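Number of protein chains: 2
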Amino acid sequence: MNELPVGLFDSGVGGLTVLRAMRACMPGESFLYLGDTARLPYGTKSRDTIARYSLQVTARLVERKIKLLVVACNTATAAALPALRRAYPEIPVIGVVEPGAKAACAASREGFIAVIGTESTIRGRAYDEAILKLRPDARVIGLPCPLFVPLAEDGLVEGPLAEGIAARYLDRVFRVPRERGENIPDCLVLGCTHFPLLADAITHVAGPGVTLVDSAATTARAVKSTLEEHGLRSAAETGESFFLTTDDAERFARMGERFLGFPVPESRVELVDL
Amino acid sequence: MNELPVGLFDSGVGGLTVLRAMRACMPGESFLYLGDTARLPYGTKSRDTIARYSLQVTARLVERKIKLLVVACNTATAAALPALRRAYPEIPVIGVVEPGAKAACAASREGFIAVIGTESTIRGRAYDEAILKLRPDARVIGLPCPLFVPLAEDGLVEGPLAEGIAARYLDRVFRVPRERGENIPDCLVLGCTHFPLLADAITHVAGPGVTLVDSAATTARAVKSTLEEHGLRSAAETGESFFLTTDDAERFARMGERFLGFPVPESRVELVDL
């Protein structure tokens with residue numbers, strides 16, 4: 631059981647940032663990643679559809695045997711986490727929203743927290759709810775940044791263009807009030823698994839004194855402690871990663887490298903039909 | 631029959647630029663638009679899936695009665711036009727690729743033509759084939775511009791950021807060879823229904839002496855002459871437009887305005903399930 635992989639899924643390649651963080655903090659673990667690229671993006675679909683897709687994807691991962699499930703997608707976490715936990719009571723299921731909210735509450739001095747994400751994640755207010763549950767006095771401001779996902783997928787993650795687009799979304803909450811001497815959030819949650827790629831540009835635009843919270847890193851730590859609590863850590867020294875995708879293995883391997891930080895061998899990517 | 635609407639569809643709101651061009655050149659016609667927003671983007675899906683979706687969408691439009699069908703999406707045109715013509719021999723079916731290719735061949739002096747589009751459209755080489763069929767001596771260069779669709783949807787269509795991103799894609803074919811005194815294309819086809827919104831930024835970056843061919847405008851003219859050939863023009867002075875969408879009528883109305891150039895009343899947008 632302990633030598634089974636940790637399963638994780640996302641609508642596409644964004645969740646690979648969570649895999650990257652998990653590999654860094656648990657090098658002995660193996661991972662089985664499923665990117666549902668044929669049906670991406672989840673962000674524009676109804677909650678019912680997202681929950682249905684998430685259950686289908688999870689069924690496939692469970693069929694291949696996994697010891698823990700990570701929902702490495704903010705939209706799917708918000709729409710499907712309770713349904714997945716009900717459907718698979720025997721497997722610990724961890725989403726990306728709660729660890730991100732917890733880390734934000736710990737990192738923020740003043741409790742004034744900005745959350746950036748896709749339009750759907752921000753509109754759904756999942757982070758607002760998770761943060762306010764932990765810290766009812768917090769003030770949360772959500773900022774949809776719809777261009778960040780395509781920027782990250784296109785590899786345009788730094789320099790004046792990336793910073794210019796970041797400024798377009800963030801200036802009204804950071805630069806403008808700062809110049810007026812007004813309060814600004816002291817913590818900024820990257821509420822989308824694509825966004826860690828843009829961390830430098832975002833930091834540059836948010837300015838000094840703002841702590842970035844990366845839900846990939848905090849989710850990885852949550853997975854590690856959950857595996858330890860359940861006595862499920864692998865004894866291996868180095869684990870392996872395997873990839874499933876629902877569309878175009880070559881494109882998955884090519885795009886994946888940017889998010890994972892190392893090449894994804896196409897031989898490790900298997901096309902599956904859901 | 632003549633007073634029936636012209637039907638058109640796209641995976642989302644991009645095809646509204648084709649509707650806009652058709653309304654401008656045929657103010658007496660009525661239109662029935664279907665945006666399959668629940669399943670967008672088509673661009674990352676397999677050709678079989680795109681053909682199946684296109685047939686489903688068309689069946690719905692035909693059920694509501696239309697006198698002509700416009701496939702207002704480059705991806706769907708490339709993947710499904712023959713299948714649609716076979717399925718509905720009684721209705722003229724017009725795609726966006728052929729009119730765009732024809733206009734490009736007419737506009738280019740030297741026969742050196744650049745085509746920009748989504749990754750899927752450029753990889754599929756539908757424009758290359760259509761242009762070479764009409765002008766076998768042409769030299770066609772395809773440039774995928776994946777960020778243009780999200781830029782247009784986000785309303786970021788002019789100024790230094792839009793131009794900077796356009797330069798990222800186009801400089802190697804226009805500015806760089808021009809500075810070296812090498813040949814550059816004299817014609818640039820906007821091979822995606824989203825791109826007319828970015829025409830100013832694209833013109834600025836392509837530089838002088840490059841004719842932009844907008845497949846929306848040329849498709850509108852092809853529809854007009856086809857209606858005339860078939861004796862199907864409406865006798866009305868002003869037509870009306872109706873909208874069907876497969877997801878979130880409010881978002882469709884909000885996004886649609888940018889592409890259509892005038893507000894889309896939410897009361898004219900009907901949610902349909904395919």
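Just so you know, the sequences run in chain order A and B.
Just so you know, my numbering puts 854 at position 224 of the first sequence, and the rest follows in order with no gaps.
Just so you know, my numbering puts 857 at position 227 of the second sequence, and the rest follows in order with no gaps.
Heads up, the beta-carbon is just placed ideally off N, CA and C, and yes, glycines get one too.
Predicted model, so just to flag it, every value in this text is computed and none were measured.
Of all the CB atoms in chain A, is at least one closer than 9 Å to the CB of residue i?
i	result
B/LYS732	no
B/VAL779	yes
B/ALA668	yes
B/GLU659	no
B/GLY618	No statement about residue 618 of chain B is possible, as the shown extent of chain B runs from 631 to 904 and does not include it.
B/ASP878	yes
B/ALA776	Reading the sequence as shown, one finds Pro at residue 776 of chain B and not Ala. It does: the Cβ of B/PRO776 has a partner Cβ on chain A nearer than 9 Å.
Output yes if chain B places a C-beta closer than 9 Å to the C-beta of residue i; else output no.
i	result
A/SER641	no
A/ARG884	no
A/THR875	no
A/LEU904	no
A/ARG798	yes
A/GLU720	no
A/LEU634	no
A/GLY754	no
Could you please give me the residues that DSSP links to residue i through a beta bridge?
i	result
B/THR875	B/GLY665 and B/LEU901
B/GLY725	B/VAL701
B/CYS817	B/ILE743 and B/THR841
B/ILE771	B/ALA744
A/GLY861	BP columns for A/GLY861 are empty, so no partner.
B/VAL636	B/PHE661 and B/LEU698
Within 10 Å of its beta-carbon, does residue i have 16 or more other beta-carbons around it, so buried, or fewer, so exposed?
i	result
A/MET652	buried
B/PHE892	exposed
A/ARG669	buried
A/LYS697	buried
A/SER897	exposed
B/LEU764	exposed
B/ASP767	exposed
B/ARG650	buried
B/GLY811	exposed
B/ALA654	exposed
B/ASP678	exposed
A/THR868	exposed
B/PRO815	buried
A/SER676	exposed
B/ASN813	exposed
A/ALA865	exposed
B/SER871	buried
A/PRO729	buried
Could you list the residues in the stretch 663-690 of chain A with a C-beta less than 9 Å from some C-beta on chain B, going in chain order? THR667, ALA668, ARG669, LEU670, PRO671, THR674, LYS675, SER676 and THR679
Interface positions of the stretch 781-813 of chain A facing chain B (Cβ-Cβ less than 8 Å), listed along the chain: LEU781, GLU783, ASP784, LEU786, PRO790, LEU791, GLY794, ILE795 and ARG798
Taking one C-beta from the stretch 709-722 of chain A and one from the stretch 770-782 of chain A each time, how about it: are there three or more such pairs within less than 8 Å? no
Any contact between the stretch 874-892 of chain B and the stretch 738-756 of chain B? By contact I mean 3 or more CB pairs, one from each, below 8 Å. no
Does the stretch 684-700 of chain B touch the stretch 729-741 of chain B, meaning 3 or more C-beta pairs lie closer than 8 Å? no
Cβ contact check for the stretch 801-818 of chain B and the stretch 653-666 of chain B: 3 or more pairs under 8 Å: no
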